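Residue 295 is where the sequence shown ends in the UniProt record's numbering, and the numbering goes up by one at each step.
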Amino acid sequence: MVSEFMAGSLASSCPEQGKAVLWRAIRYILPTARNLRRRLSHEAVSCPFCDFSDESPIHTLLRCSFARQVWALSGLRWYDIDSLAWSVEEWFQALTLKLSATDFSLVAMFCWTIWWSRNLKLANKPFLLPPQVVEFARNYLSAFNSQSSQHKFIRDGGRALGLGVLARDSKGVCLAWLSLKLDRGGTAEMAEGFAAREAISLALRRRWKQVILEGDSSTLLHKLGSTDMELSVISPLVADIHSLSSQFESVSFSLVSRVCNSVADLLARLALNQSGDSVWFPLGLAVALCGDLAT
1 MVSEFMAGSL
11 ASSCPEQGKA
21 VLWRAIRYIL
31 PTARNLRRRL
41 SHEAVSCPFC
51 DFSDESPIHT
61 LLRCSFARQV
71 WALSGLRWYD
81 IDSLAWSVEE
91 WFQALTLKLS
101 ATDFSLVAMF
111 CWTIWWSRNL
121 KLANKPFLLP
131 PQVVEFARNY
141 LSAFNSQSSQ
151 HKFIRDGGRA
161 LGLGVLARDS
171 KGVCLAWLSL
181 KLDRGGTAEM
191 AEGFAAREAI
201 SLALRRRWKQ
211 VILEGDSSTL
221 LHKLGSTDME
231 LSVISPLVAD
241 IHSLSSQFES
251 VSFSLVSRVC
261 NSVADLLARL
271 ALNQSGDSVW
281 FPLGLAVALC
291 GDLAT
């Protein structure tokens, strides 16, 4: 039943993160304190929220005081449909008898966001509080399944090797960001082209349907909007972007001022101080985004 539900009705309506956390919890391989002790035979940390030493998947996702606050705020009164369940698998099977795929996708996203917040707290990083978990999970699922929202990418090559991509929905809500350092030389125009290609690739991975690419390079935007064939150093990148763009319902290109592109520019500069690439959700950009929206 579990495999059929995961591969069937839940497959297209739920982001991969939600399905992955549920699958690992059901298979009892989610790296909680109990599982780490059982598999690695060493003392593991306790639950970072309530300090319960025997932290199991069902404790983390359902029984912990933090998780209970999330579910109490979720408005989903059937989350504890089987209070006698001894495992996430038993709970999952009880839910599949009652829920539609849409409802269950929301449950999966709550589980993933609880797990994400748990790991952030364990790493002593800022984490989402229960009300924020509920809001984030609902907004994320809504954006994932939206057929009408257009997701804006503000990308800026910044200095030659630093790439920055910022993804927003049609209401301006930040969905994700990317900061990437390329270990190669190149002009600012090439960096802009690489950033645009990364933006399109990120949109494909997130399965977004309608995309607006925004940038402050008029040269690149002109080439992306032109149907004329030309030979230049960024022609291969332009061809790649056009090829990837054909997989969306719609793609448009828009020129913005550098002031409006300040957050992506910041990400491009940050990329020069890191060794690899980073793809994150909005937590780390709160201050910069507030400043961007105020301009």
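Every residue, glycine too, gets a C-beta built ideally from N, C-alpha and C. It should be emphasised that the depicted structure is a prediction, and the values quoted were computed from it without experimental measurement.
(message) Within the continuous beta strand (DSSP E) that includes I212, where are the two ends?
(response) 210-215
(message) Please tell me whether R34 and S56 are closer than 8 Å, where the distance is taken between their beta carbons.
(response) Yes, Cβ-Cβ distance for R34 and S56 is below 8 Å.
(message) If distances are taken between C-alpha atoms only, which option among A268, L266, E89, A191 comes closest to V233?
(response) A191
(request) Using only alpha-carbon positions, find the residue among L129, A108, W115 that is nearest to E16. (result) A108
(request) Round the Cβ separation of L224 and F253 to the nearest angstrom and send it over; I've been treating them as touching at under 8 Å. (result) Their Cβ separation, rounded to whole angstroms, is 5 Å, which keeps L224 and F253 in contact under 8 Å.
(message) Assess contact between the stretch 88-97 and the stretch 115-130, defined as three or more Cβ pairs (one per stretch) separated by less than 8 Å. Is contact present?
(response) With a cut-off of 8 Å, the stretch 115-130 and the stretch 88-97 do not count as touching, because too few Cβ pairs lie within range.
(request) With DSSP as the reference, please indicate the residues paired to V88 in a beta bridge. (result) Answer by DSSP bridge pairing: none, since V88 is not bridged.
(message) Quick check: the Cα distance between G18 and I114, rounded to an integer number of angstroms?
(response) 10 Å
(request) Use the C-beta contact count for W71: other C-beta atoms within 10 angstroms, 16 or more gives buried, fewer gives exposed. (result) buried
(request) Note the first and the last residue of the continuous beta strand (DSSP E) segment covering V233. (result) Per DSSP, V233 belongs to no beta strand (DSSP E) and is neither H nor E.
(request) Apply the 10 Å Cβ neighbour rule to T60 and answer buried if 16 or more other Cβ atoms are within range, or exposed otherwise. (result) With 16 or more other Cβ atoms inside 10 Å of its own Cβ, T60 counts as buried.
(message) Going by C-alpha to C-alpha distance, which of F66, G75, G162 sits closest to L272?
(response) G162
(message) Quick check on V133: does DSSP put it in helix, strand or coil?
(response) Three-state result, V133: helix.
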